[in-house]
Structures are given as structure tokens and as C-alpha cells.
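Those sequence lines, one after another, are chains L and P. Letter 32 of the first sequence, counting from 1, is numbered 32 in our numbering, and no numbers are missing. One gets our numbering by counting positions in the second sequence from 1 and adding 133 to each. C-beta: ideal position from N, C-alpha, C; glycine also. Here the structure is a predicted model, which means the values were calculated and not measured. Single-structure report; data block below.
Protein chains: 2
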Amino acid sequence: MMLNRNGSQASMPGPAECFTGQVRIDPIHLQAQAPSRITSALVTFEPGARTNWHTHPLGQLLIVTAGKGWTQCEGEARVEVSAGDSIWCPPGHKHWHGATDRTAMSHIAVQEMLDGSNVTWLEPVTEPQYLEG
Amino acid sequence: MMLNRNGSQASMPGPAECFTGQVRIDPIHLQAQAPSRITSALVTFEPGARTNWHTHPLGQLLIVTAGKGWTQCEGEARVEVSAGDSIWCPPGHKHWHGATDRTAMSHIAVQEMLDGSNVTWLEPVTEPQYLEG
């Protein structure tokens with residue numbers, strides 16, 4: 001059994017090459033333990049903050065734990081999500097997720113590794129894309 | 134994108150053949166979306182409640198979201214866990230988890246499907262096993 005105590009893994013800033021705005025990543029389970037493919041982190045977006053567009057090779061489960069945010073899949077309308085909602089994004093589907101422009105949002109993210117990667121980062125979500133959905 | 138709104142999936146009692154005491158299962162992502170193997174639920178144990186002994190074919194990630202509980206792997210000492218702790222239990226490892234005798238505990242559980250199963254249920258955790266660790 002591996003036990004990660006609350007407070008034993010330092011918070012990390014979401015890097016500017018993957019996120020817009022102020023984002024904090026609190027590690028939960030960053031290293032998949034093969035043959036398991038699971039990785040997980042708690043991600044907190046300050047108002048206005050969001051991921052870049054990106055894809056996941058085996059999809060992603062998001063569990064919103066606090067606040068209200070926005071998410072969008074390419075070619076679909078932007079959707080508002082709140083604490084207690086969960087979102088499944090299929091493999092290879094281009095999407096972004098983050099806070100609303102006025103409210104912070106936190107979610108637990110769970111994604112599986114494939115050939116050493118669990119995400120492919122793409123271009124930033126522009127201000128018009130973000131605000132107009 | 135699949136969006137499960139807070140309140141859209143009914144709470145379920147933890148069945149007596151798998152749990153001791155009062156346990157509530159709140160579905161998060163019960164059906165793995167192949168090729169993904171991920172399934173997830175929020176599980177709440179009232180004081181004294183716990184799982185049976187069981188194993189997971191590809192392991193299990195537990196994220197404690199509220200309260201204080203106990204968990205034990207076979208052959209190891211019982212461990213107290215609190216909100217914010219996370220636990221990785223390896224594939225095939227016999228374990229149990231639940232509340233303490235005086236306090237409730239909730240955790241998000243994430244486990245992967247293998248050949249149509251994500252858990253093998255075993256015998257109940259006896260009162261001496263539970264109380265003495």
C-alpha cells in the first residue's frame with residue numbers, strides 16, 4: 001500500500017505553456033503503477049484561468065470538487081460545470097476546462113497513461129474562445 | 134463529452150454481501166468507456182462500517198474526501214486515514230477500508246476494469262479484525 005498523506009506532496013503552479021492564468025496542481029497520484037495506467041491530481045483554477053486546448057490518449061475523468069467552471073469540446077458549445085458534476089472526455093477528443101471568468105473551480109482529474117504519455121498539449125484558448133464559448 | 138450532473142445518478146446502498154454496516158455509494162463513473170478502463174464512485178461509510186476483504190485486478194486509488202477512517206492490507210498493520218490523504222493499493226492485494234468505529238469517512242474510489250471485473254469480493258472483516266487492526 002502506498003499512502004500519500006495530506007500535505008506530503010507540494011502544490012505546484014500550472015505551467016504557462018499548458019495553462020492561461022493562475023492554476024495550482026495538487027498531486028494525488030502522479031506516477032502510474034504499472035500494470036495500472038491511472039494518474040490523478042487536484043487542479044484549481046482562479047477566475048479566468050483555464051487549460052490550453054489538449055487531448056488525452058485514453059480520455060479523462062473530471063470530478064468537480066468546488067466552485068463553478070467552464071469546459072468545451074472542439075465543435076461543441078461551452079458547458080458550465082459545478083461542484084458534484086463529473087465529465088468524461090473520450091480519447092483523442094480536443095477540449096479545454098477551467099474556471100469561469102468570475103468564479104474559481106477545482107476538479108480532480110484522472111487520466112490513463114499510454115506509451116508514456118497521458119496528455120498532448122496544444123494551443124492556448126484565446127480570450128474570445130474562452131468568453132464566447 | 135459525457136456530463137453527469139450532480140444529482141443525476143441516484144445514491145445506492147452498499148450491498149450487505151460486500152459491506153458491513155451502513156454504506157452509501159454515489160456513482161461517479163460506473164461504466165468504463167473502452168479503451169479506457171477507469172471506473173469511479175464516491176463511497177461513504179457511517180461509523181463502524183467497512184468493506185469486506187477484497188482485491189482489485191489492476192489495483193485501486195482511494196482519495197479520502199471527508200472524515201477519518203481505517204484501512205488495512207493483509208499482513209500489515211491497520212492505518213488511520215483522513216480527508217486529503219490518498220492510498221494506492223496494488224493489483225491483487227487483499228485489503229479493506231472503511232470508517233473508524235466512532236467517525237464516518239468518505240472516499241472517491243478509482244479502479245480499472247480487467248476482463249469485465251474491477252473487484253473480487255471476499256469474506257467480511259470480523260469485529261476483532263476491524264477493532265484490533
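Beta-carbon gap between P/Arg183 and P/Met246 smaller than 7 Å: Here residue 183 of chain P corresponds to residue number 50 of the second sequence, with the count starting at 1. Here residue 246 of chain P corresponds to residue number 113 of the second sequence, with the count starting at 1. In this structure, P/Met246 does not lie closer than 7 Å to P/Arg183 by Cβ.
Identify the contact partners of P/Gln166 in chain L, using a Cβ-Cβ distance below 8 Å as the criterion. As a working note, residue 166 of chain P is residue 33 in the second sequence. Within 8 Å Cβ-Cβ: Gly59, Trp88 and Pro90.
The beta strand (DSSP E) enclosing L/Glu80, as first and last residue numbers: Position 80 of the first sequence holds residue 80 of chain L. For L/Glu80, the enclosing beta strand (DSSP E) stretches over residues Val79 to Ser82.
Name the chain P residues that come within less than 7 Å of L/Arg5, Cβ to Cβ? Within the first sequence, the letter at position 5 stands for residue 5 of chain L. Going along chain P in sequence order, the residues near L/Arg5 (Cβ under 7 Å) are Asp218.
Grab the span of the beta strand (DSSP E) containing P/Glu150 for me, first residue to last. As a working mapping, residue 150 of chain P is identified with position 17 in the second sequence. Here P/Glu150 belongs to no beta strand (DSSP E), and DSSP marks it neither H nor E.
Any idea if P/Pro168 is buried or exposed, counting beta-carbon neighbours within 10 angstroms, 16 or more meaning buried? Counting from one through the second sequence, the residue named residue 168 of chain P turns up at place 35. So P/Pro168 ends up on the exposed side.
Among all the DSSP beta bridges, which residues are the ones paired with L/Pro27? To locate residue 27 of chain L, count along the first sequence from 1; it is residue 27. Per DSSP, L/Ala41.
Tell me, please, whether the CB atom of P/Ser144 is closer than 7 Å to any CB atom in chain L? Residue 144 of chain P sits at position 11 when you count from the first residue of the second sequence. No - not a single Cβ of chain L is within 7 Å of the one on P/Ser144.
CB contact check: P/Ser239 to chain L, cutoff 7 Å: The residue labelled residue 239 of chain P in the question sits at position 106 within the second sequence. So, not an interface residue.
Measuring alpha carbon to alpha carbon, tell me which of P/Trp186, P/Val197, P/Gly192 and P/Asp248 ends up nearest P/His228. To locate residue 228 of chain P, count along the second sequence from 1; it is residue 95. Here the closest residue by C-alpha is P/Trp186.
Can you find a C-beta in chain L that's less than 7 Å from the C-beta of P/Met246? The residue given as residue 246 of chain P occupies position 113 in the second sequence. False, the Cβ-Cβ gap to chain L never drops below 7 Å.
Report the CB separation of P/Gly200 from P/Ala216 in whole angstroms; it is logged as a contact under 8 Å. Here the question's residue 200 of chain P lines up with position 67 in the second sequence. Here the question's residue 216 of chain P lines up with position 83 in the second sequence. With a Cβ gap of about 6 Å, P/Gly200 and P/Ala216 count as contacting.
What do you reckon, are the CB atoms on P/Ile161 and L/Ser11 nearer than 7 Å? On the second sequence, residue 161 of chain P is found 28 positions in, with the first residue counted as 1. On the first sequence, residue 11 of chain L is found 11 positions in, with the first residue counted as 1. Judged by their CB atoms, P/Ile161 and L/Ser11 are not nearer to each other than the 7 Å cut-off.
State yes or no: is the beta carbon of P/Ile161 nearer than 7 Å to at least one beta carbon in chain L? Locating residue 161 of chain P in the second sequence gives position 28, counting from the first residue. Chain L, which has a Cβ nearer than 7 Å to the Cβ of P/Ile161, makes this yes.
Status (buried if at least 16 other CB within 10 Å, exposed otherwise) for P/Ala149: Position 16 of the second sequence, counted from the first residue, corresponds to residue 149 of chain P. Answer is exposed; the Cβ neighbour count stays below 16.
When you compare the CB positions of L/Thr65 and L/Val81, do they come within less than 7 Å of one another, or not? Reading the first sequence from its first residue, position 65 is the one you call residue 65 of chain L. Reading the first sequence from its first residue, position 81 is the one you call residue 81 of chain L. Going by C-beta atoms, L/Thr65 is not nearer than 7 Å to L/Val81.
Rounded separation between P/Ile196 and L/Tyr130 - CA only: Sequence index remark: in the second sequence, residue 196 of chain P carries index 63 (1-based). Sequence index remark: in the first sequence, residue 130 of chain L carries index 130 (1-based). Taking the straight line joining both Cα atoms gives about 31 Å.
Which residue comes first and which comes last in the alpha helix (DSSP H) that contains L/Leu162? The first residue shown for chain L is 1 and the last is 133, placing residue 162 of chain L beyond what the model contains.
Within 10 angstroms of the Cβ of P/Ala237, are there 16 or more other Cβ atoms? Answer buried if so, exposed if not. For the purposes of this step, residue 237 of chain P is taken as the residue at position 104 of the second sequence. Residue environment for P/Ala237: buried (at least 16 other C-beta atoms within 10 angstroms of its C-beta).
For P/Gln244, report the span of its beta strand (DSSP E) as first-last. Here residue 244 of chain P refers to the residue found at position 111 of the second sequence. Per DSSP, P/Gln244 belongs to the beta strand (DSSP E) from Met238 to Glu245.
Separation of L/Pro90 from L/Gln111, as counted between CA atoms: Counted from its first residue, the first sequence places residue 111 of chain L at position 111. Counted from its first residue, the first sequence places residue 90 of chain L at position 90. Using only the alpha carbons, I get a separation of about 11 Å.
List the residues of chain L whose Cβ lies closer than 8 Å to the Cβ of P/Arg183, in chain order. As a working note, residue 183 of chain P is residue 50 in the second sequence. By Cβ distance, chain L contributes nothing, its closest Cβ being about 16 Å from P/Arg183, past 8 Å.
Using 10 angstroms around the beta-carbon of L/Pro57, count the other beta-carbons present and answer buried if the total reaches 16, otherwise exposed. The residue given as residue 57 of chain L occupies position 57 in the first sequence. With 16 or more Cβ atoms within 10 Å of its Cβ, L/Pro57 is classed as buried.
Residue interval of the beta strand (DSSP E) (run including L/Met2): Against the first sequence, residue 2 of chain L aligns to sequence position 2. It spans Met2 to Asn4 - the beta strand (DSSP E) in which L/Met2 sits, taken as one unbroken run.
Neighbour-count burial assignment, L/Asn118, 16 or more Cβ in a 10 Å radius: Here the question's residue 118 of chain L lines up with position 118 in the first sequence. Answer is buried; the Cβ neighbour count reaches 16.
Let me see if you follow: with CB-CB separation under 7 Å, is L/Ile25 close to chain P or not? If you number the first sequence from 1, residue 25 of chain L lands on position 25. Not an interface residue.
Please identify the residue among L/Arg24, L/Thr39 and L/Ile25 whose C-alpha is closest to the C-alpha of L/Leu31. Residue mapping note: residue 31 of chain L aligns to position 31 of the first sequence, counting from 1. The question names Leu, yet the displayed sequence has Gln at residue 31 of chain L. Across the set L/Arg24, L/Thr39 and L/Ile25, the C-alpha of L/Thr39 shows the shortest separation from the C-alpha of L/Gln31.
Residues near L/Gly48 by beta carbon distance below 7 Å, same chain, minus five either side: By one-based count along the first sequence, residue 48 of chain L stands at place 48. Same-chain partners within the cutoff: Gly21, Ala99 and Asp101.
By a C-beta neighbour count over all protein chains shown, 10 Å radius and 16 as the cutoff for buried, is L/Thr126 buried or exposed? Working through the first sequence from its first residue, we reach residue 126 of chain L at position 126. So L/Thr126 ends up on the exposed side.
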